[in-house]
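Those letters in the first sequence? Residues 4 to 636, per this note's numbering, in order.
For glycine and all other residues, C-beta sits at the position ideal for the given N, C-alpha and C.
Keep in mind it's a predicted model, so treat the numbers as computed, not measured.
Worksheet: the structure to be examined is printed underneath.
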Amino acid sequence: MGITSELKDWIGGSLKSLYGQEFEAGELTIGTTKPEFEGDYTLVLFSFVKVLKKSPEVIGNEIGEHLVARFPFITAFNVIKGFLNLTISDTYWINFLDRNFSNSNYGKMPGNNQMVVVEYSSPNTNKPLHLGHLRNNFLGWSVAELLKVSGHNVVKTSVLNDRGIHICKSMNSWLQFADGATPDSTGIKGDHFVGDYYVKAENTIKEQAALILQSMLAGNDTTLDNEADQQKAATLVSRYYELSTTGKNEAAEKILDQLKEIARNNTVFFRQTQQMLLDWEAGKPAVRALWEKMNGWVYEGFNETYKKIGSDFDQNYFESETYILGKEFVEEGLKSGVFFRKEDGSCWIDLTAEGLDEKIVLRKDGTSVYITQDLGLADIKFQQYKYDQSIYVIADEQNYHMKVLKLILQKLGKPYANGINHLSYGLVELPSGRMKTREGTVVDADELIEELKNVARQKTEELGKVKDFNPGELNELYDTIAIGALKFFILRVDAKKKMIFNPEESIDFHGFTGPFIQWTHARIRSILRKAEEANYSTDKKAGSLFPKEKELIVLLEQYGSVIRQAVADFNPSLLAIYIYDLSKKYNTFYAEHPVMTAESDEKKKLRLNLCLLTANVIASGMGLLGIRVPQRM
RNA sequence: GGCCCGGUAGCUCAGUUGAAUAGAGCAACUGCCUUCUAAGCAGUAGGUCAUUGGUUUGAAUCCAAUCCGGGUCACCA
4 MGITSELKDW IGGSLKSLYG QEFEAGELTI GTTKPEFEGD YTLVLFSFVK
54 VLKKSPEVIG NEIGEHLVAR FPFITAFNVI KGFLNLTISD TYWINFLDRN
104 FSNSNYGKMP GNNQMVVVEY SSPNTNKPLH LGHLRNNFLG WSVAELLKVS
154 GHNVVKTSVL NDRGIHICKS MNSWLQFADG ATPDSTGIKG DHFVGDYYVK
204 AENTIKEQAA LILQSMLAGN DTTLDNEADQ QKAATLVSRY YELSTTGKNE
254 AAEKILDQLK EIARNNTVFF RQTQQMLLDW EAGKPAVRAL WEKMNGWVYE
304 GFNETYKKIG SDFDQNYFES ETYILGKEFV EEGLKSGVFF RKEDGSCWID
354 LTAEGLDEKI VLRKDGTSVY ITQDLGLADI KFQQYKYDQS IYVIADEQNY
404 HMKVLKLILQ KLGKPYANGI NHLSYGLVEL PSGRMKTREG TVVDADELIE
454 ELKNVARQKT EELGKVKDFN PGELNELYDT IAIGALKFFI LRVDAKKKMI
504 FNPEESIDFH GFTGPFIQWT HARIRSILRK AEEANYSTDK KAGSLFPKEK
554 ELIVLLEQYG SVIRQAVADF NPSLLAIYIY DLSKKYNTFY AEHPVMTAES
604 DEKKKLRLNL CLLTANVIAS GMGLLGIRVP QRM
């Protein structure tokens with residue numbers, strides 16, 4: 004189970020027999036001993052002082068003596084201030100290493116029959132994936148793997164946002180500007196190809212809107228095609244002039260924004276796009292065919308990128324199929340009084356008692372809104388998988404939405420509501436702030452990976468350690484390093500926090516990075532290959548450990564508890580940090596102790612086992628982050 | 001404005017449910033490759049943990065207030 008919980012058991016036993024007091028495991032604070040003190044693990048004594056009415060020194064000595072007398076694996080103790088430092092015997096650690104060095108399942112937990120659905124990625128089909136999507140993909144994939152390794156059954160799902168006004172913009176743009184061009188005819192990757200037409204659409208709307216705005220400000224509103232807009236615009240324009248002539252520029256700006264919005268909605272291009280959406284909903288064959296064709300291009304592009312970054316899904320849901328869902332929920336909610344209908348026919352839920360607002364669940368025209376669709380999808384997922392937990396990997400912009408989703412399902416008395424969890428992650432920002440598609444400040448996923456591959460190639464050629472690799476092997480290595488650098492860079496930071504990506508400084512290959520860990524692994528493999536060539540083997544067992552050897556084993560022993568913590572918190576960064584610490588520790592050990600030329604056979608054997616277990620834990624841990632480790636680099 | 005999240009070294013980030021002198025990497029400086037891969041190791045320097053007050057044997061961590069930054073409160077998804 005892990006040395007820490009074992010120690011807690013032992014200490015709990017000592018406390019009971021010494022003082023007749025029961026303590027819960029949570030009441031015992033145990034951590035690794037700071038390097039400047041003697042010992043391996045440390046118990047904090049302050050919390051016992053009040054209950055036991057003795058000084059920490061006395062308590063520490065009494066517990067220490069009791070433990071040393073009862074457990075041969077605890078060989079020594081010392082009490083400094085309020086801390087009891089315990090030394091675990093070398094034999095304990097050597098035995099641990101013996102038991103696990105060749106255990107290929109080290110760190111894995113047995114199955115627990117829990118079903119977990121993880122929804123992640125969920126892109127729009129009108130533009131290629133960018134850095135923000137990557138964080139989502141890496142997190143979702145890694146959390147799913149962490150759940151698997153800790154014994155859960157996992158289904159990875161994705162919702163493709165494949166319909167809506169944004170998709171129609173790309174379609175309309177393609178019709179007007181493409182002249183029949185396709186990804187094949189141009190050689191452009193499908194998702195980028197469609198994304199380019201989306202950008203063209205936005206630019207067209209912007210240009211047309213600018214003209215309309217100009218004309219509105221000149222007092223000419225005939226370009227607006229309905230009276231309501233004309234009146235609204237006229238009022239806003241006069242207010243705008245009023246504010247700007249009296250120097251209230253900030254308020255005037257806000258009015259101008261509203262006018263811009265009206266102008267956008269009145270452009271010919273936008274009107275056409277709206278009509279297209281209506282035609283799509285009516286099932287007009289030509290529009291549907293175009294829609295399918297263009298989405299097909301995007302999927303081809305996505306699949307290529309997914310393959311490159313290692314994302315995979317057991318089940319795809321399509322918004323074009325789910326957007327009508329959830330209406331039966333509304334009926335059900337109205338009947339049970341959880342929802343109510345307003346005069347205009349729209350349906351709502353009142354969440355003010357929970358400190359939230361009223362939330363609409365059905366439009367007055369009877370169509371579903373976002374939250375309604377999600378209610379329906381949650382239900383479909385449950386029917387399909389009978390999940391114990393359903394995890395949504397979604398950016399923290401949607402914290403409120405997810406809170407509402409769970410709350411509504413709870414109010415409707417759905418048994419699966421409590422299993423809904425939001426893995427909320429912060430946005431990836433540039434030093435200049437948020438990435439914006441409209442402003443072209445988005446870091447494209449494919450381009451970024453290509454750049455990193457180039458850096459990997461350059462660096463590898465410089466070092467010249469794999470000159471015998473063939474082109475295929477080299478390409479695979481560059482992929483491994485580039486994706487490793489990128490994934491580690493993103494996964495090493497706490498998902499909840501927003502992170503800043505600086506494209507100038509780009510992603511490093513030294514220090515606290517993926518390539519450093521990959522290189523450490525390659526370095527270990529190199530030793531292990533040498534040992535294999537030498538056909539080395541012995542039955543001799545070492546009897547004692549050097550500090551660097553012991554520290555490494557102590558760290559290796561913690562792998563399982565790190566995984567448990569990472570799963571419990573849905574937080575792969577704990578694992579990333581751990582693997583880095585382990586690599587760092589190994590390199591320190593490496594610099595101090597030779598393996599193949601060790602001072603004795605038993606030391607050589609011990610260190611080879613240490614190398615093997617370290618390599619296995621690095622490979623397995625990196626695997627859980629979705630990062631491959633090379634044999635050589 | 002209501003609600004939510006954040007503020008730790010020049011920069012990017014750690015800091016489990018409060019515990020010993022707040023840690024890494026990058027950038028700067030010093031050593032170390034005829035010995036298992038130097039994408040490394042060892043070391044130096046760098047901090048008013050946003051501010052103020054409180055709780056506690058003990059606070060970066062908990063509480064309150066203030067300041068700064070972000071998100072959200074759509075018949076968009």
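Per the DSSP calculation, residue i is bridged to which residue(s)?
i	result
Lys362	Ile352
His404	DSSP output for His404 lists no bridge partner at all.
Phe118	One point to set straight first is that residue 118 is Met, not Phe, in the sequence displayed. Met118 pairs with Asn156.
Val445	According to DSSP, which records beta bridges pairwise, Val445 is partnered with nothing at all.
Val690	Coverage of the chain is limited to positions 4 through 636, which leaves residue 690 absent and any answer about it impossible.
Phe86	Val47 and Ile83
Ser371	Leu365
Between which residues of its own chain and residue i is the CB-CB distance below 8 Å, once the five residues before and five after are set aside?
i	result
Trp300	Thr185, Pro186, Gly193, Asp194, Phe196 and Val197
Asp584	Leu558
Ala181	Tyr200
Gln387	Gln318
Taking DSSP as the reference, what is the three-state secondary structure of residue i?
i	result
Met636	coil
Leu31	coil
His513	coil
Arg460	helix
Arg344	strand
Ala381	helix
Thr503	As written in the sequence, residue 503 is Ile, which differs from the Thr given in the question. DSSP places Ile503 in strand when its eight states are reduced to three.
Phe80	strand
Arg73	helix
Ser529	helix
Val396	strand
His524	helix
Phe592	helix
Arg437	strand
Leu426	strand
Thr238	helix
Leu451	helix
Ser8	helix
Ile630	coil
Ser173	helix
For residue i, I'd like the list of residues in its chain whose CB is within less than 6 Å of its CB, leaving aside the five on either flank, ordered along the chain.
i	result
His513	none
Tyr581	Val565
Ala254	Leu246
Gln413	Ala420
Asn108	none
Ala534	Leu611
Asp391	Gln117, Met118 and Gly422
Leaving out five residues on either side along the sequence, give the residues of the same chain with a beta carbon under 7 Å from the beta carbon of residue i.
i	result
Leu430	Gly135, Ala398, Arg437 and Lys501
Ile327	Ser371
Leu239	Ile258, Gln261 and Leu262
Met174	Met279, Leu293, Trp294 and Met297
Phe40	Ile83 and Asn88
Leu220	Val240
Tell me whether residue i counts as near the ligand FMN, meaning its Cβ is closer than 7 Å to at least one heavy atom of that ligand.
i	result
Ile556	Inclusion of the ligand FMN in the displayed structure is not the case, the ligand content being empty and no account of it being possible.
Length at least 3, wholly inside the region 123 to 168: the beta strand (DSSP E) runs in chain order: 156 to 163
Three or more C-beta pairs below 8 Å linking the region 589 to 605 and the region 528 to 545: yes
Validate contact between the region 135 to 144 and the region 307 to 317 using beta carbons, cut 8 Å, 3 pairs: yes
Ordered list of alpha helix (DSSP H) runs contained in the region 20 to 69, each at least 4 residues: Listed in chain order, the complete alpha helix (DSSP H) runs (minimum 4 residues) inside the region 20 to 69 are 49 to 55.
Whole alpha helix (DSSP H) elements within the region 181 to 231, 4-residue minimum: 186 to 189 and 193 to 220
Within the region 537 to 562, ranges of the alpha helix (DSSP H) (whole runs, at least 4 residues): 550 to 560
Minimum length 3: unbroken beta strand (DSSP E) runs contained in the region 299 to 327: Whole beta strand (DSSP E) segments, 3+ residues: 318 to 321.
Stretch-stretch touch, CB-based, cutoff 8 Å, three pairs: the region 63 to 81 with the region 110 to 129: no
Cβ pair count under 8 Å reaching 3, the region 443 to 456 against the region 480 to 488: Taking 8 Å as the limit for Cβ pairs, the verdict is that the region 480 to 488 does touch the region 443 to 456.
Contact the region 512 to 529 vs the region 340 to 349: 3+ CB pairs below 8 Å: no
Given 8 Å, three or more beta-carbon pairs between the region 544 to 552 and the region 96 to 114: yes
At least 3 beta-carbon pairs within less than 8 Å: the region 559 to 578 vs the region 504 to 513: Flag = no, the region 559 to 578 and the region 504 to 513 do not touch.
Contact the region 61 to 71 vs the region 79 to 91: 3+ CB pairs below 8 Å: yes
Touch test, the region 5 to 18 against the region 28 to 37, Cβ-Cβ under 8 Å, three pairs minimum: yes
Segment contact flag, the region 460 to 477 with the region 151 to 167, C-beta cutoff 8 Å, min 3 pairs: no
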